[in-house]
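There are 2 protein chains.
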Amino acid sequence: MTAIHGVTDDLHALVEGRLRRVEQRYTEGRRAIVEALASAGHPVNISDIAGRLPDRPRSSAYRNLVDLQSAGVVRRVAANDEFARFELAEDLTEHHHHLLCTNCGKVSDITPSTAFERTITEQLDRLADAQGFQLHSHRVDVLGLCEACH
Amino acid sequence: MTAIHGVTDDLHALVEGRLRRVEQRYTEGRRAIVEALASAGHPVNISDIAGRLPDRPRSSAYRNLVDLQSAGVVRRVAANDEFARFELAEDLTEHHHHLLCTNCGKVSDITPSTAFERTITEQLDRLADAQGFQLHSHRVDVLGLCEACH
DNA sequence: GGCTAATATAAGAATGAGTCTCAGTCCAAA
DNA sequence: TTTGGACTGAGACTCATTCTTATATTAGCC
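These protein sequence lines are chains B and Y, in that order. So in the numbering used here, spot 138 of the first sequence is number 138, and the numbers just go up one at a time. So in the numbering used here, spot 124 of the second sequence is number 124, and the numbers just go up one at a time.
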C-alpha cells in the first residue's frame, strides 16, 4: 500500500478499479473529490469539499460521494455534530480512529497500536456476542479540545 | 445510584435539582421525556419519543431536549445514520458504549468491564497527548447487525 | 384569594442539509 | 454514427430541526 495521504497514481488506479467493478466511470468530478479527500488528510464536511471545489455544484458532490461510497472508496463519518464528514475508505489509507473537537468540530485521525486494537477487538467481540450482536467493525472516538481550541 | 433503568423518584429528584440549578422548571413535558428515555433503556430518536408521547408536539420535545441537555440531564448520541438519538446522561445511568445496527439503525447499550475501560483510557490519553489534544471523554461504537437483523 | 413577572407551551412557519428529478451531455461498443 | 447507459448541472423538493409568536402556567409576593 503506497497511497497513504497525498494523491498518487496508485490511489487513482485503485479507485478506478473499484468503480469499474460496479460499472461506474472515474470521471473528473469523482477524481476531484478523491483528490480533495486525500489531500485533506482528515474527514471533511460538505462545506470543506465545496470550498476545495468551488466550481462544482453541491448536488454533484453529494451524488458523487454516494457513488464513491457504494464503490467502497469513500466512508461517511458521523462526528458529534449534525454534519456528515467524508474520508477515504480505510483500506485505501489505514485503520484509524478519530479525535473530535467539541468546540470547533474538527475531526482528525489517530492510529492506534496493533496491541491496542487486538485488546479492543477481543473485548468487543465478547460483549457483542453476549447480546447476540454480529460485529462487523468498531469505531473509537476521542472527544475533547483540539490544539487550536484550548 | 439507584436509578439505572426504569423511572424512580430518585431520578426525578436528581433531574429537578439539575434543572433548578439553571433556573428551569421540571414541568410535565420535561418529566414525560425523562420517563420516555428512562423506560426505553437505550438511545431513541425523535420519532420514538413522539411515538411514546403522541399528545405532545415535536417542537416541544425538541425544545425540552435542548433544555435537558443544558441542564446535564440528557445526552445527544450520534449514531451511524442522519438521525440524532437521545439518552439520559451517563452520570444518571452508568458509563457505557453502543451497539449500532447498520441495517435497522437500532442503538443498544453495552457496559464494558472496568479493566477494559482502564486500558482504553490509558491508551487514548497517550494518543491524544501526542497530538496536543485535550481529552475529555471517549466513545466506542460497535457496528454490525442486531439480533433481529441477521 | 389575586397580581405580576418570568418561564413554558402549542402551533406552525422558517431553515437548511441532503435527495431527487429532469433535460441534456458524454462515452463505449458495435 | 447510432444507440444505450452513465453522468452532469440546475434547481425543486423533503424532512429533521429550529425559530417565532401568541397564549398559558407557575412561583413568589401581597
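Beta carbons: idealized from backbone N, C-alpha and C, even for Gly.
State buried or exposed for residue i, treating a residue as buried only when at least 16 other CB atoms are found within 10 Å of its CB.
i: Asp91 (chain B); result: exposed
i: Met1 (chain B); result: Residue confidence for Met1 (chain B) is low, a pLDDT of 43 falling below 50, so the modelled location carries little weight and cannot support an answer.
i: Glu87 (chain B); result: buried
i: Ala128 (chain Y); result: buried
i: Val34 (chain B); result: buried
i: Leu68 (chain Y); result: buried
i: Arg63 (chain Y); result: exposed
i: His150 (chain Y); result: exposed
i: Val15 (chain B); result: buried
i: Thr8 (chain B); result: exposed
i: Thr93 (chain B); result: buried
i: Gly17 (chain Y); result: exposed
Pop quiz: residue i and residue j are said to be a contact at Cβ under 8 angstroms. What is the actual Cβ separation, rounded to whole angstroms?
i: Tyr26 (chain B); j: Leu37 (chain B); result: That belief does not hold up - the Cβ atoms of Tyr26 (chain B) and Leu37 (chain B) are roughly 14 angstroms apart, past 8 angstroms.
i: Ala61 (chain Y); j: Asp48 (chain Y); result: Ala61 (chain Y) to Asp48 (chain Y), Cβ: 10 angstroms. No contact.
i: Ile110 (chain Y); j: Leu99 (chain Y); result: 6 angstroms
i: Thr119 (chain B); j: Thr119 (chain Y); result: 6 angstroms
i: Arg58 (chain B); j: Ile46 (chain B); result: 6 angstroms
Going along the chain, which residues of its own chain have a beta-carbon closer than 6 angstroms to the beta-carbon of residue i, five neighbours each way excluded?
i: Cys146 (chain Y); result: Cys101, Lys106
i: Pro43 (chain B); result: Val77, Arg85, Glu87, Val107
i: Gln131 (chain B); result: none
i: Phe83 (chain Y); result: Asn45
i: Glu122 (chain Y); result: none
i: Ala148 (chain B); result: none
Only counting the same chain, and skipping five residues up and downstream in sequence, which positions put a Cβ closer than 7 angstroms to that of residue i?
i: Arg126 (chain B); result: none
i: Ala89 (chain B); result: Gly72, Val73, Val74, Arg75
i: Ala32 (chain B); result: Leu53, Arg56
i: Asp81 (chain B); result: Gly105
i: Pro112 (chain B); result: His97
i: Ala50 (chain Y); result: Arg58, Ala61
i: Gln24 (chain B); result: Asp67, Ala71
i: Leu65 (chain B); result: Ile33, Val74, Phe86
Among residues of its own chain, excluding the 5 on either side of residue i, which ones have a beta-carbon nearer than 8 angstroms to its beta-carbon?
i: Arg21 (chain B); result: Ala71
i: Glu117 (chain Y); result: His95
i: His12 (chain Y); result: Tyr26, Arg31, Val34
Check: Counting pairs of Cβ atoms below 8 angstroms between the segment 135-143 of chain B and the segment 127-147 of chain Y, do you hit three or more?
Finding: yes
Check: Is the number of C-beta pairs between the segment 104-120 of chain Y and the segment 69-84 of chain B that are closer than 8 angstroms three or more?
Finding: no
Next item on the list: Residues of the segment 124-139 of chain B with a CB closer than 7 angstroms to any CB of chain Y: list them in chain order, please.
Entry: Leu124, Leu127, Ala128, Gln131, Gly132, Phe133, Gln134, Leu135, His136, Ser137, His138, Arg139
Check: If contact means a Cβ-Cβ distance below 9 angstroms, which residues of the segment 70-86 of chain Y contact chain B?
Finding: Arg76, Ala78, Ala79, Asn80, Asp81, Glu82, Ala84
Check: So does the segment 56-76 of chain Y actually touch the segment 62-73 of chain B, counting three or more Cβ pairs closer than 8 angstroms?
Finding: no
Notebook entry, point to check: Which residues, in order along the segment 25-48 of chain B, keep a beta-carbon less than 7 angstroms from a beta-carbon of chain Y?
Noted result: none
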